[in-house]
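Visitor:
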Amino acid sequence: MTSYDELKKAIEALLDPSYNLPLKDVEGLKKLTVGPTGIVEVEVALKDIGGSVEQNFKIQLIKLIKVTLGFPGAKVKFVRNQFTPKGVKKITYIGVASGKGGVGKSTVTANLAYALTRLGKKIGIIDADVYGASIADIFNIPDAKPTGTSEEKMSPPTAKGIEIISTAFFVEKDSPVMWRGPMLGKLLNHYFYGVDWAPNIDYVLVDLPPGTGDTALDIQMYAPQTKMLIVTTPHVNASSVALKAGLGARKIGHQLIGVVENMSYYLNPYNEEKDYVFGQGGGQLVSEKLEVELLASIPLNRPEEGFLYEKDEVNGKIYDKLALKIIELI
Ligand SMILES: Nc1ncnc2c1ncn2[C@@H]1O[C@H](COP(=O)(O)OP(=O)(O)OP(=O)(O)O)[C@@H](O)[C@H]1O
Ligand SMILES: [Mg+2]
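Residue 264 in this note's numbering is what sits at position 159 of the sequence shown, and the numbering runs on without skipping anything.
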């Protein structure tokens with residue numbers, strides 16, 4: 106009969122298909138016991154669980170235990186592996202979510218990235234808004250394309266020093282995107298595992314699509330440690346949906362870093378008074394209910410050029426402060 110040590114060694118030699126490394130190297134074997142009748146109970150942590158990756162691994166594992174090593178039975182359990190193998194840089198993802206569309210998620214993502222860059226951070230952006238990708242337009246690189254690298258990863262194009270991956274790079278211009286769940290998952294999989302970010306990357310900001318569900322769940326699967334920034338406008342409608350997005354994100358285990366209220370007021374240039382065009386209090390309400398800080402209130406203001414505020418513009422200064430706070434919080 107095969108000894109416990111031989112069994113352990115054999116299982117630890119199996120490759121985690123996502124890391125392409127033996128379980129031993131990624132601390133993937135969590136529990137292993139052999140019962141009195143020879144039934145093997147094993148708990149394995151894989152980088153990706155669920156779906157075909159887990160299914161194929163399970164078949165391989167059971168075959169090894171029963172057919173190759175001759176044990177009478179096997180009980181297998183899978184959990185997600187949170188381990189970061191050496192040499193694989195752990196990326197800090199910051200998701201930007203709002204629930205409601207049109208409140209300025211992409212604007213906040215892009216300008217926050219720009220402000221963080223001004224503060225000396227190396228930033229990447231994933232435009233995960235598959236149906237309404239706008240980051241490439243904001244950075245004025247609508248025709249950019251990622252290039253391939255040796256390890257079958259893609260190198261992201263850069264604008265203003267920021268590395269950018271967007272769905273806009275992979276679809277034909279002005280044609281509708283009609284992808285269903287599985288394809289979407291594949292794409293997100295590429296965004297989270299298939300990008301060769303600069304080695305000194307500090308944070309990757311993720312512009313999430315509007316809505317409170319699907320993509321957030323996907324991201325939970327790919328990047329469970331993602332930190333979430335919630336964007337809302339002062340308007341009650343936007344804030345109630347933003348609150349839902351925040352609660353949803355927390356429920357699936359994302360850490361909330363704070364709330365940003367966008368389009369908070371219009372500063373009347375003639376009398377310097379704040380005109381609360383969309384009402385007041387949305388950001389405050391969401392931050393109180395989520396018990397996180399309201400990190401910034403950003404007024405309505407058109408950038409002097411394009412879509413990015415420079416550091417000497419009113420909004421640029423506000424973004425600089427926001428960026429500083431975020432660095433402190435992370
Ligand atoms: N503070 C602001 N002042 C003036 N215009 C703004 C401000 N914030 C955003 N906008 C403008 O509002 C519009 C919507 O913003 P944006 O595209 O960033 O929202 P979004 O939440 O990403 O929308 P979607 O749900 O479509 O992805 C854009 O035209 C943007 O330029
Ligand atoms: Mg957007």
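The C-beta atom is built at its ideal place from N, Cα and C for all residues, glycine as well. Quantities reported herein were computed from a predicted structural model and do not represent experimental measurements.
With DSSP run on the structure shown, which of helix, strand or coil describes Tyr298?
Guide: Note: Tyr298 maps to helix in three-state DSSP.
Visitor: Keeping to the same chain, check which residues put their C-beta closer than 8 Å to that of Lys195; ignore five residues upstream and five downstream.
Guide: Answer for Lys195: Thr189, listed in chain order.
Visitor: Can you tell me which of Glu146, Gly175, Arg185 puts its alpha carbon nearest to the alpha carbon of Asp121?
Guide: Arg185
Visitor: Closest by CA to Met368, which one among Lys394, Arg355, Ala401, Pro374?
Guide: The option with the nearest alpha carbon to Met368 is Ala401.
Visitor: Can you say whether Pro339 is buried or exposed, counting buried as having 16 or more other CB atoms within 10 angstroms of its CB?
Guide: buried
Visitor: Thinking just about the alpha-carbon of each residue, which of Thr173, Asp248, Ala179, Lys152 is nearest to the one in Leu128?
Guide: Lys152
Visitor: Name the DSSP beta bridge partners of Ile267, please?
Guide: Ala264
Visitor: First and last residue of the beta strand (DSSP E) that includes Asn376?
Guide: Per DSSP, Asn376 belongs to no beta strand (DSSP E) and is neither H nor E.
Visitor: What number of angstroms, rounded off, separates the C-alpha of Ala343 from the C-alpha of Phe183?
Guide: 39 Å
Visitor: Which word fits Val311, buried or exposed, when buried means at least 16 other C-beta atoms lie within 10 angstroms of its C-beta?
Guide: With 16 or more other CB atoms across the displayed protein chains lying within 10 angstroms of its CB, Val311 is buried.
Visitor: Could you check whether the segment 403 to 413 touches the segment 368 to 388, counting it as contact only if at least three pairs of C-beta atoms, one from each stretch, sit closer than 8 Å?
Guide: A contact exists between the segment 403 to 413 and the segment 368 to 388.
Visitor: What whole-angstrom Cβ distance do Gly206 and Pro315 have, given they're in contact under 8 Å?
Guide: 4 Å
Visitor: Does DSSP put Asn186 in a helix, in a strand, or in coil?
Guide: coil
Visitor: Compute the distance between the beta-carbons of Val336 and Val181, then report whether it is under 9 Å.
Guide: Val181 sits away from Val336, with the two beta carbons spaced by 9 Å or more.
Visitor: Where in the segment 376 to 409 do unbroken runs of the beta strand (DSSP E), each at least 3 residues long, occur, reported from the N-terminal end onward?
Guide: 399 to 405
Visitor: Per DSSP, what kind of secondary structure is Ile246 in: helix, strand or coil?
Guide: coil
Visitor: Nearest-angstrom Cα distance between Gly140 and His295?
Guide: Going by the C-alpha atoms only, they are around 41 Å apart.
Visitor: Considering only the alpha carbon of each residue, which of Val391, Val172, Tyr219 lies closest to Ile243?
Guide: Tyr219
Visitor: What number of angstroms, rounded off, separates the C-alpha of Tyr327 from the C-alpha of Gly358?
Guide: When only Cα atoms are considered, Tyr327 and Gly358 end up about 13 Å apart.
Visitor: Since Ala215 contacts Ile240 with CB under 8 Å, what's their CB separation in whole angstroms?
Guide: Their Cβ separation, rounded to whole angstroms, is 6 Å, which keeps Ala215 and Ile240 in contact under 8 Å.
Visitor: Identify every run of the beta strand (DSSP E) within the segment 194 to 250, keeping only runs that are complete inside it and at least 3 residues long; order them along the chain.
Guide: Within the segment 194 to 250, the complete beta strand (DSSP E) runs of at least 3 residues are 197 to 202, 228 to 232.
Visitor: Put Ile144 into one of helix, strand or coil per three-state DSSP.
Guide: Assignment of Ile144 by DSSP, reduced to helix, strand and coil, places it in the strand class.
Visitor: May I ask whether a heavy atom of ligand 1 can be found less than 8 Å away from the beta carbon of Arg185?
Guide: It does not: the Cβ of Arg185 is nowhere closer than 8 Å to a heavy atom of ligand 1.
Visitor: Please classify Ala428 as buried or exposed, where buried requires at least 16 other C-beta atoms within 10 Å of its C-beta.
Guide: buried
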